[in-house]
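Chains as they are written, first to last, in this note's numbering: chain Y, 32 to 178; chain A, 32 to 178.
Where a beta carbon is used, it is the ideal one built from N, C-alpha and C, also for glycine.
See structure below.
There are 2 protein chains.
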Amino acid sequence: MIDAKDVTISDSEWEVMRAIWTLNKVTSRQLIDTMNQARGWSDSTTKTLLHRLIKKHAVTQHGDQRPYEYQAAVGEQDSMAAAATDLFDHMCAMRAGSTIADVIQSRELSQDDIANLQKILAEKAKTAPKTVQCNCLPAGMGADCNC
Amino acid sequence: MIDAKDVTISDSEWEVMRAIWTLNKVTSRQLIDTMNQARGWSDSTTKTLLHRLIKKHAVTQHGDQRPYEYQAAVGEQDSMAAAATDLFDHMCAMRAGSTIADVIQSRELSQDDIANLQKILAEKAKTAPKTVQCNCLPAGMGADCNC
DNA sequence: TTTATTAGTTTACAGTTGTAGTCAGTCAAA
DNA sequence: TTTGACTGACTACAACTGTAAACTAATAAA
């Protein structure tokens, strides 16, 4: 299993990955038909994306003869965490909290999800600082942050 | 103020936006120097990015004579929310909760942030469903989701 | 075994991004 | 008024993306 942090998946590729993760093990035909129905893509488009994913080591090819099977080489949860972390990493640290709030408000979450988040937050509250500093510019520059 | 949802900001452009948001109102010279110190970019790189941001309507140019001033035309919090929402929009809905958990765990949050999130979650719990369905493939396809 | 079909590989091509050089217009100094 | 410095505009160029056609190799049907 390749580390999700070492793989950059583009938007379209991401759609292919979702299908692969969901179907778990696919032939190209299955995947092509799936993407055709799900997104209206031509055969070629799916083929290209699949090959790019293989080249990026996000997907592996299995089998010794022709209708090969394809499988994800990176985990879905890991990839999601990597993508999300990466996004937050280049946004203002001071506003991460409110942004997470925005995300939570825009998502559907299950009772279990909520309970889990509450537990994590309760734990985090024990050592949380009073405030978080803006990290948009290196220390010293931009004296008074307007963030 | 332009709607953040209508503007797509690339990674490098994002760095420039952060500087502009923080400094609030800048001349190109200020911005160029800032990016040079903060990221080691050449003058040209910052200039190009600034112009692309103007073309995208993420930044506006002010003043009638030469050292113009530049200012963000999209809000920082709005842009962050738009970027984050956009990311979650193309990831499996079923795993959004765990991904948010991953993000929370990787961030530094203030006491206030945490309290706010707790309030939102408590509210959300009132109407939260028992489970959230995977939405990786259109209904009907991929019968048994492995997500 | 020849042919048709399918699966896999290469090539294509315009738009975006990261990164930066060069040219031109304008204000300030001489 | 000419010149220099600086700001802003335009050009450059390779890598990556989204989208797909064309070609080739392998298998299944005739």
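Verify whether the separation of the beta carbon atoms of residue i and residue j is less than 7 Å.
| i | j | result |
| --- | --- | --- |
| His121 of chain Y | Trp45 of chain A | yes |
| Ala112 of chain Y | Asp42 of chain A | no |
| Ala156 of chain Y | Ser110 of chain Y | no |
| Leu80 of chain A | Val47 of chain A | yes |
| Leu118 of chain Y | Leu168 of chain A | no |
| Ala50 of chain Y | Thr65 of chain Y | yes |
I'd like to know whether the C-beta of residue i is nearer than 7 Å to at least one C-beta of chain A.
| i | result |
| --- | --- |
| Trp72 of chain Y | no |
| Asp34 of chain Y | no |
| Arg126 of chain Y | yes |
| Arg60 of chain Y | no |
| His121 of chain Y | yes |
| Leu140 of chain Y | yes |
| Pro160 of chain Y | yes |
| Arg83 of chain Y | no |
| Arg97 of chain Y | no |
| Thr39 of chain Y | no |
| Val179 of chain Y | Residue 179 of chain Y is absent from the structure shown; chain Y starts at 32 and stops at 178. |
| Ile151 of chain Y | yes |
| Val57 of chain Y | no |
| Met111 of chain Y | yes |
If residue i and residue j are in contact, beta carbons under 8 Å, what's the gap, nearest whole angstrom?
| i | j | result |
| --- | --- | --- |
| Tyr78 of chain Y | Ile63 of chain Y | For the record, residue 78 of chain Y in the displayed sequence is Lys; it is not Tyr. Indeed, because the Cβ distance is near 7 Å, the residues count as touching under 8 Å. |
| Met125 of chain Y | Ala69 of chain A | Not a contact, Cβ separation roughly 16 Å. |
| Ile131 of chain Y | Ile135 of chain A | 6 Å |
| Ala104 of chain A | Thr116 of chain A | Not quite, the Cβ-Cβ distance comes to about 19 Å (not below 8 Å), so this is no contact. |
| Gln108 of chain A | Leu152 of chain Y | So it is not a contact: roughly 20 Å between Cβ atoms. |
Quick check: is the beta carbon of residue i nearer than 7 Å to any beta carbon in chain Y?
| i | result |
| --- | --- |
| Leu148 of chain A | yes |
| Leu168 of chain A | yes |
| Leu118 of chain A | yes |
| Asp144 of chain A | yes |
Do residue i and the ligand MN come close, with the Cβ less than 6 Å from some heavy atom?
| i | result |
| --- | --- |
| Arg60 of chain Y | Inclusion of the ligand MN in the displayed structure is not the case, the ligand content being empty and no account of it being possible. |
Query raised in the report: Within the chosen definition, does the stretch 94-111 of chain Y reach the stretch 135-143 of chain Y through at least 3 CB pairs nearer than 8 Å?
Result: Inter-segment contact for the stretch 94-111 of chain Y and the stretch 135-143 of chain Y is absent: fewer than three beta-carbon pairs are separated by less than 8 Å.
**Report entry** Segments of 4+ residues assigned as alpha helix (DSSP H) that fall wholly inside the stretch 102-154 of chain A
**Finding:** 107-120, 127-137
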